[in-house]
Amino acid sequence: MSILGVVASLALPPAFMLLAAAAFIPFLITAAKAKTVWQSAIIFWSFAFGWFTASLYWISASLFVDISWEILILPFSLFALPAFLSLFWGCAGILVFLSGRTVVSRLVFCALWIGVAEIFRSILLTGFPWNAPAHLILANEYLSQIASVIGQNGASFLVLLTLVAFCFLYLRFWKTGLIILLPFMISFGFGVWRLDHSVPMSHLDTKKTSEMLIRIVQPNVQQSQRWKAEFKDMQIEDLFALSMSKAAPVSLIIWPEAAYPAIWPNVEKQFLQSVQSAISDDEQLLTGMLRFGQEKKLYNSALLFSDNGSLIAKSDKQKRVPFGEYIPFRNNFLFQKLKIFGNAIDISAGPNKGLIYTRDNIALRVFICYEIIFPNSLSSHERPDVIINLTNDAWFGNTFGPYQHLSQSRIRAIEEGLPLVRVANTGISAAFNYKGEMLGKIGLLEKGVLDVALPLHQQITIYSQFRWKIIIFIVFLISTTAVLLDLIFIKRQKP
Numbered sequence: 004m005s006i007l008g009v010v011a012s013l014a015l016p017p018a019f020m021l022l023a024a025a026a027f028i029p030f031l032i033t034a035a036k037a038k039t040v041w042q043s044a045i046i047f048w049s050f051a052f053g054w055f056t057a058s059l060y061w062i063s064a065s066l067f068v069d070i071s072w073e074i075l076i077l078p079f080s081l082f083a084l085p086a087f088l089s090l091f092w093g094c095a096g097i098l099v100f101l102s103g104r105t106v107v108s109r110l111v112f113c114a115l116w117i118g119v120a121e122i123f124r125s126i127l128l129t130g131f132p133w134n135a136p137a138h139l140i141l142a143n144e145y146l147s148q149i150a151s152v153i154g155q156n157g158a159s160f161l162v163l164l165t166l167v168a169f170c171f172l173y174l175r176f177w178k179t180g181l182i183i184l185l186p187f188m189i190s191f192g193f194g195v196w197r198l199d200h201s202v203p204m205s206h207l208d209t210k211k212t213s214e215m216l217i218r219i220v221q222p223n224v225q226q227s228q229r230w231k232a233e234f235k236d237m238q239i240e241d242l243f244a245l246s247m248s249k250a251a252p253v254s255l256i257i258w259p260e261a262a263y264p265a266i267w268p269n270v271e272k273q274f275l276q277s278v279q280s281a282i283s284d285d286e287q288l289l290t291g292m293l294r295f296g297q298e299k300k301l302y303n304s305a306l307l308f309s310d311n312g313s314l315i316a317k318s319d320k321q322k323r324v325p326f327g328e329y330i331p332f333r334n335n336f337l338f339q340k341l342k343i344f345g346n347a348i349d350i351s352a353g354p355n356k357g358l359i360y361t362r363d364n365i366a367l368r369v370f371i372c373y374e375i376i377f378p379n380s381l382s383s384h385e386r387p388d389v390i391i392n393l394t395n396d397a398w399f400g401n402t403f404g405p406y407q408h409l410s411q412s413r414i415r416a417i418e419e420g421l422p423l424v425r426v427a428n429t430g431i432s433a434a435f436n437y438k439g440e441m442l443g444k445i446g447l448l449e450k451g452v453l454d455v456a457l458p459l460h461q462q463i464t465i466y467s468q469f470r471w472k473i474i475i476f477i478v479f480l481i482s483t484t485a486v487l488l489d490l491i492f493i494k495r496q497k498p
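Position 386 of the sequence shown, counting from 1, maps to 389 under this note's numbering, and the rest follow consecutively.
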């Protein structure tokens, strides 16, 4: 069963081999025919283990950057993490067996409980909603538009129901299969309409100005060099040289996560002098940088500077990477002196969050690194003009990780109906409009600069207005369908 999970994972980015998703069909049918509750749990867990092991292998690449004792964590990152994530699907298997009495109803319950398990996977223990079933439709520009209505979590239910529909067709329950396939076909039609519709939708907003000129800077610094003293001056020179490499002025220059290889405000004087000499009049600079706050706490921050070098605003990372940016249970005696990836001090969740405003009163919401993969991170009461994701994927080299990160960033633009800019140290950097259409990119492991006239058009999407209410409605609809199918097929079997 794990082999089927491995095959199915090839439908995820960047491979996007959608035919590989057919591996779900024998898995779902076998699971629906399970004889005991534990057999069902093992089938679900085994498939998920293959899915997560194959699609998250790239996490282990970080252990090979400046190899040290951290390499001992390899079995944990390669196998233990997928095994843990698979427990959510194992629990779904238990609920599927207990919920349905017939194969047909259990198939629908598979879509229900795996979808619910994915929601809990995105929330519990800090959450890790990476490579959800919803990401299978990211390959299709039309299908992905349904995220503006039902979001990522809703799209996972859609994908799972579609796979269940193909199970019914395989089992020759033609009418049931075609009915369950209807949401998929409607979603495709909606996507065609949304992308090809030439007239702006009713909630399109062009407040302040119609576009913002931005400059994306991708320095492509290798992770093994980032914090070594002998490379710092070269990195700083490169950042400013790239920022000034084009003559036309822009509104905002954007550098990636922790781009400046020092800690603010320890380098305030040097940094401000460099900004004053390098940044043109009326330009602003948004950069990722580590900073010390009160009580010498360390934060992973985004700092916005004006052309005269003054600090305009700051925003701090809230969702930190366990064992990457902080050690859980640090106060435990075993972990007090533990250094991981060279860090002797934990990065704290900062006090500054929410919107930051440029001098032109453009509202920015900055998400640092993997914060961007979490649905519902935006507040309905503080809607920005632009979503910005600063990240450093250098830890993962030329693997699937950066491609998956890019795809999952894009779905936030579609969900929220907002333009999004992603700036990565080694790539992939890109800009998207409010429909998730790419406006330009810098490829993986490339050094480069990209100027984009970013449209500030936005749409208050159905999903951004109702969020969890939509998910609750979908859960109710699927569970009702499963119960009705159970009753219908039990009644047919009685004679």
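All residues carry an ideal CB built from backbone N, CA and C; glycine is no exception.
- Under the three-pair Cβ rule at 8 angstroms, the region 250-264 counts as touching the region 215-224.
- Around the beta-carbon of residue 311, fewer than 16 other beta-carbon atoms lie within 10 Å, marking it exposed.
- Counting of Cβ neighbours within 10 angstroms places residue 284 among the exposed residues, the total staying below 16.
- In the displayed model, residue 262 falls within coil according to three-state DSSP, outside both helix and strand.
- In the pairwise beta carbon analysis, the region 405-421 is classified as not touching the region 78-85: fewer than three pairs are separated by under 8 angstroms.
- With 16 or more other CB atoms across the displayed protein chains lying within 10 angstroms of its CB, residue 262 is buried.
- In this structure, the beta-carbon distance from residue 137 to residue 116 does not fall below 8 angstroms.
- Non-local beta-carbon contacts of residue 64 in its own chain, meaning distances under 6 angstroms to residues more than five positions away in sequence, involve 399, 400, 402 in chain order.
- Annotation for residue 299: no alpha helix (DSSP H) segment contains it, and DSSP assigns it neither H nor E.
- Beta-bridge annotation (DSSP): residue 295 is paired with 301.
- According to the DSSP assignment, residue 454 belongs to the beta strand (DSSP E) that extends over 451-458.
- Around the beta carbon of residue 177, fewer than 16 other beta carbons sit within 10 angstroms, so the residue counts as exposed.
- Residue 89 sits away from residue 377, with the two beta carbons spaced by 8 angstroms or more.
- Looking at the DSSP output, residue 130 bridges to nothing.
- In the structure shown, residue 39 falls within a coil segment according to DSSP collapsed to helix, strand and coil.
- Secondary structure within the region 39-105: the alpha helix (DSSP H) runs of 4 or more consecutive residues, fully enclosed, are 40-58, 84-102 (chain order).
- Nearest C-alpha to residue 228 among 7, 429, 13, 437: 429.
- According to the DSSP assignment, residue 233 belongs to the alpha helix (DSSP H) that extends over 232-246.
- In this structure, residue 422 and residue 406 do not form a Cβ contact; the two beta carbons are roughly 21 angstroms apart against a cut-off of 8 angstroms.
- Per DSSP, the continuous beta strand (DSSP E) segment holding residue 215 begins and ends at 214-221.
- The residue among 54, 238, 470, 465 with its C-alpha nearest the C-alpha of residue 193 is 465.
- Residue pairing by DSSP places residue 441 opposite 435 in a beta bridge.
- Using a C-beta cut-off of 8 angstroms, the region 238-248 makes contact with the region 281-299, since at least three inter-stretch Cβ pairs fall below that distance.
- Residue environment: residue 188 is assigned as exposed (fewer than 16 neighbouring CB atoms within 10 Å of its CB, all protein chains considered).
- About 4 angstroms separates the Cβ atoms of residue 85 and residue 55, confirming a contact at the 8 angstroms cut-off.
- Beta-bridge partners assigned by DSSP to residue 370: 392.
- Per the C-alpha coordinates, the member of 67, 139, 293, 153 positioned closest to residue 351 is 293.
- Under the 8 angstroms Cβ criterion, the region 480-494 counts as touching the region 100-117, having at least three qualifying pairs.
- Taking each of 34, 40, 26, 59 in turn and checking the Cα distance to residue 16, the smallest one comes out for 59.
- Residue 427 is a Cβ neighbour of residue 395, given a cutoff of 8 angstroms.
- The region 384-395 makes contact with the region 350-369, as at least three CB pairs between them are under 8 angstroms.
- Assignment of beta-bridge partners to residue 267 by DSSP yields 294.
- Residue 67 sits exposed, since fewer than 16 C-beta atoms from the chains shown fall within 10 Å of its C-beta.
- The beta-carbon distance between residue 18 and residue 10, rounded to whole angstroms, is 11 angstroms. This is too long to meet the 8 angstroms contact definition.
- Across the set 30, 147, 38, the C-alpha of 30 shows the shortest separation from the C-alpha of residue 113.
- In the DSSP assignment, residue 178 falls outside any beta strand (DSSP E) and within the unbroken alpha helix (DSSP H) covering 177-199.
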